[in-house]
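Novice:
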Amino acid sequence: MKETESARTRAALQGKRVAILATDGFEQSELLEPRKALDQAGAKTVLIAPKPGKIKGWKSRDWGDEVAVDLTLD
38 MKETESARTR
48 AALQGKRVAI
58 LATDGFEQSE
68 LLEPRKALDQ
78 AGAKTVLIAP
88 KPGKIKGWKS
98 RDWGDEVAVD
108 LTLD
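To convert, take the position in the sequence shown, counting from 1, and add 37; that gives my numbering.
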């Protein structure tokens with residue numbers, strides 16, 4: 038991405054809230070990498086899941102990390 042496009046993206050995301058919906062068994066890289074990029078661009082990400090506490094990711098062929106849930110669907 039060009040520097041000016043990157044700056045425009047950061048400006049557009051600054052202060053925005055982005056909901057991420059996930060549950061146990063999510064593909065770890067498909068949640069964590071985009072979330073990190075959104076956070077670095079100035080967005081406030083909120084992880085929403087069906088149950089409170091933590092959800093467990095899937096990494097390659099085994100369980101991965103647990104991620105804290107911010108809000109539940111209920």
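Just so you know, even glycine gets a beta-carbon here, dropped at the ideal spot from N, CA and C.
Can you name the start and end residues of the alpha helix (DSSP H) that Arg98 belongs to?
Specialist: Within the sequence shown, residue 98 is the residue found at index 61, counting from 1. Careful: Arg98 lies outside any alpha helix (DSSP H) and carries neither H nor E.
Novice: Please report the residue range of the beta strand (DSSP E) in which Lys73 lies.
Specialist: Stepping through the sequence shown from its first residue, residue 73 is reached at position 36. Note, Lys73: premise wrong, no beta strand (DSSP E); alpha helix (DSSP H) at Gln65 to Gln77.
Novice: Considering only DSSP beta bridges, list what Lys91 is partnered with.
Specialist: On the sequence shown, position 54 is the one that residue 91 refers to. Answer is Ala105, bridged to Lys91.
Novice: Does the Cβ-Cβ distance between Ile57 and Ile85 come in under 8 angstroms?
Specialist: The residue you call residue 57 lines up with position 20 of the sequence shown. The residue you call residue 85 lines up with position 48 of the sequence shown. In this structure, Ile57 sits near Ile85, with a CB-CB distance shorter than 8 angstroms.
Novice: Have a look at Gly101 and Gly52 and give me their C-alpha separation to the nearest angstrom.
Specialist: Along the sequence shown, read from residue 1 onward, the residue named residue 101 stands at position 64. Along the sequence shown, read from residue 1 onward, the residue named residue 52 stands at position 15. Each residue's Cα considered, the two are about 30 angstroms apart.
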